[in-house]
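Take the sequence shown: its position 4, counting from 1, is numbered 292 in our numbering, and each next residue is one higher. Glycine included, every Cβ here is placed at the ideal spot set by N, Cα and C. This one's a predicted model, so the numbers in the text were calculated from it and none came from an experiment.
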Amino acid sequence: MSTRTAAREGGAARPVSARAAARRGRDRKAEVLMPVPGRDRFARGDAPSVAVVGGGIAGLAAATGLAERGARVTLYEREESLGGRLAGHRTLLADGSEVTMSRGFHAFFRQYYNLRGLLRRTDPALDRLTPLPDYPLRHSAGLTDSFARVPRTPPLSALGFVALSPTFGRRDLTALDARAALPLLDVRVPDVYARFDQVSATAFLERVRFPEAAHHLAFEVFSRSFFADPRELSAAELMLMFHIYFLGSSEGLLFDVPDEPFPQALWEPLADYLRRLGVTVRTGTPVHGVEPSGTGGAEVRTGTGTDRHDAVVLALDTGGLRQVVAASPRLGTAPWREDVAALRTAPPFLVSRLWLDRPVRADRPGFLGTSGYDGLDNISVLERYEGEAARWAAKNRGSVVELHAYAVPAGADPENVQDALLGQLRRVYPETRPARVVDARHEWRSDCPLFPVGTHHRRPTVRTPHPWLTLAGDGLRCDLPVALMERAATTGFLAANALLAGWGVRGQVLWSVPRAGRSRVLRALGALAERPARR
């Protein structure tokens, strides 16, 4: 029976059988990260008090990992609801309908093992997630890519995509610089950062001589996921995404989405679960500072007072982490504080949700990625998968459509951008031209982490200069092949595990796609790129 040896970050590696991984519904070559051995949970009376600051995915994962082992957890969240960038709030439309507005579409890929594990706490069979049948991409020049028929098993996944994609013609394939593309065949974490973090995503694609259309359709999908311009995004992050979805995993590029708005489907049930474990959930409570306590642990300062805790997890977005650290002068060391201060956020993005008085065509997909449409990056038709939107659409014989614009240029006029997206919707889906907008909501945000060229070595990690303080979030450096929501969930559990290990308690078992190319043949070909070229 074949085995894989796991990554080691805050835990001991153990071989896990491929058959066992497959039985759990995961890729047969998925890697497992075992926690440091210890007792199952805290004994009655010796449970430490832990503050988890931030109620997004990372904070919820950390709070779950700690509370399940008996720690006394207080979860602080500055907003009135949990979920972070996947939170939602109720709003009243012009027609009197009460609906949920959120920060927009998110794809729950099958490779997101630890995030899905978190959601299984309240939904063991993941019945509240529903699969979308395709992930189509459309360029304004008329080219369209689809992932529905692409094989899932590497390397057939990458080969199948190239064979089925209209962006790769025969001339394009012969023009590719095969040697420059070889590193894609064996992306190793964290080695990929040492080799390619100093190169931009665009520069790497130009070096390989990928066709321009493939830039827009195939690879800008990944840079869009980071809300970043590919000219500024680290090539290492682009290559990591290629590994996660194409050659490192057999889970494919199709995904699931919640069948109701995020609060109802995901976070309200999880909040109830945490409260049953004894977690104190304090929404609407921003943390203004964290200071080391003279007797160990820390004091957490809020607008209503100061609370003492034995340990703290800062599970904040980039701006929030910078702000709390800057307001906590005795936290960390000077170099660590400088690295936190150097973190950057991605450019602003816009989510526009429109309630239309007539439906879009029945054959329109639930999600469409777009390129070349004057800033429009994707279109979602919510009634295709979300119950609340479907009920509104059926009652009003209309549609609920969501438009995204990522990396909006600095200084752009918000109303002009919103109007431009509506115009592009009517261009992409002409049947919406006569539709009346019953109501609209526009969410402008700038709080996603940016991964610029050459900055990986400076990103903070889960561990900090204080043994009682850990960090969690999707903007951290993590030596596992995880990204986006999965990086948030994984670092949240790792943050909890690091604290638990210090108290002699065993933490959460974690999973990951392989940290290196899964095929011996592809790894051998990838190694050719490290040899000097003959002259």
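Alpha carbon of residue i to alpha carbon of residue j, nearest angstrom
i, j, result
"Val-387", "Pro-551", "12 Å"
"Arg-685", "Ala-346", "39 Å"
"Thr-606", "Arg-724", "39 Å"
"Ser-390", "Arg-632", "23 Å"
"Ala-681", "Val-688", "7 Å"
"Ala-771", "Pro-442", "19 Å"
"Ala-310", "Thr-573", "Residue placement at Ala-310 is poorly supported in this model, since its pLDDT is 42, which falls under 50; the coordinates still yield a value, given next. Computed Cα separation, rounded: 42 Å."
"Arg-314", "Ala-777", "17 Å"
"Tyr-561", "Arg-366", "20 Å"
"Pro-755", "Asp-707", "50 Å"
"Val-588", "Val-575", "7 Å"
"Ala-786", "Leu-541", "32 Å"
"Asp-735", "Pro-471", "31 Å"
"Leu-558", "Ala-339", "18 Å"
"Thr-379", "Asp-651", "29 Å"
"Ser-337", "Arg-360", "5 Å"
"Gly-795", "Gly-353", "7 Å"
"Val-830", "Leu-788", "Coverage of the chain is limited to positions 289 through 823, which leaves residue 830 absent and any answer about it impossible."
"Leu-528", "Thr-592", "43 Å"
"Arg-803", "Asn-704", "44 Å"
"Leu-609", "Ala-615", "10 Å"
"Asp-662", "Pro-323", "48 Å"
"Phe-739", "Leu-521", "6 Å"
"Val-648", "Glu-719", "6 Å"
"Leu-374", "Glu-548", "12 Å"
"Arg-596", "Gly-584", "10 Å"
Residue interval of the beta strand (DSSP E) (run including residue i)
i, result
"Ile-247", "The structure shown does not extend to residue 247, since the chain is modelled only from 289 through 823, so no value can be given for it."
"Tyr-533", "Per DSSP, Tyr-533 belongs to no beta strand (DSSP E) and is neither H nor E."
"Pro-580", "575-580"
"Val-689", "687-693"
"Asp-707", "Not the beta strand (DSSP E): Asp-707 falls in the alpha helix (DSSP H), residues 702-716."
"Phe-655", "655-661"
"Thr-362", "360-364"
"Arg-733", "725-733"
"Arg-652", "That residue, Arg-652, is in no beta strand (DSSP E); it is neither H nor E in DSSP."
"Leu-541", "Run containing Leu-541: none; DSSP gives neither H nor E here."
"Gln-570", "For the sequence presented, residue 570 should be read as Arg rather than Gln. Residues 568-570."
"Leu-798", "798-800"
"Leu-757", "757-759"
"Met-389", "386-390"
"Ser-369", "It is not in any beta strand (DSSP E) - Ser-369 carries neither H nor E in the DSSP assignment."
"Pro-419", "417-419"
"Ser-337", "337-341"
"His-427", "425-427"
"Leu-321", "319-321"
Boundaries (first-last residue) of the alpha helix (DSSP H) holding residue i
i, result
"Arg-378", "Taken as a continuous stretch (DSSP letters only), Arg-378 belongs to no alpha helix (DSSP H), being part of the beta strand (DSSP E) at 376-380."
"Gly-620", "Gly-620 -> no alpha helix (DSSP H), and no H or E assigned at all."
"Trp-680", "675-684"
"Phe-492", "489-496"
"Arg-467", "466-469"
"Thr-778", "772-790"
"Arg-564", "556-564"
"Tyr-481", "479-484"
"Ala-350", "345-355"
"Arg-404", "401-407"
Exposure of residue i, with buried meaning 16 or more beta-carbon neighbours within 10 Å
i, result
"Ala-784", "buried"
"Leu-638", "buried"
"Ser-305", "Low confidence applies here, because Ser-305 scores a pLDDT of 47, under 50, leaving its location unreliable; read the following figure in that light. Exposed: under 16 other Cβ atoms inside 10 Å."
"Leu-604", "buried"
"Asn-666", "buried"
"Asp-383", "exposed"
"Lys-683", "exposed"
"Glu-828", "Given a span of 289 to 823 for the chain in the structure shown, any question on residue 828 remains unanswerable."
"Glu-626", "exposed"
"Arg-398", "buried"
"Asp-701", "exposed"
"Asp-433", "buried"
Cβ-Cβ separation, residue j to residue i (assumed contact under 8 Å), whole Å
i, j, result
"Ala-553", "Arg-416", "5 Å"
"Phe-781", "Leu-798", "6 Å"
"Ala-516", "Val-496", "The pair is not a contact, with the Cβ atoms about 19 Å apart (cut-off 8 Å)."
"Leu-656", "Arg-426", "6 Å"
"Phe-543", "Leu-420", "6 Å"
"Leu-619", "Val-578", "6 Å"
"Thr-418", "Val-545", "6 Å"
"Ser-640", "Glu-690", "7 Å"
Below-9 Å beta-carbon distance, residue i vs any chain D residue
i, result
"Pro-737", "The chain labelled as chain D is not found in the depicted structure, where only one protein chain is given."
heavy atom of the ligand ZN below 8 Å from residue i C-beta
i, result
"Val-338", "For the structure depicted, the ligand ZN is absent and the ligand set is empty, with no information on it obtainable."
**Request:** May I have a chain-ordered list of the beta strand (DSSP E) segments no shorter than 3 residues that lie completely inside the region 588-650?
**Result:** 593-597, 599-602, 637-644
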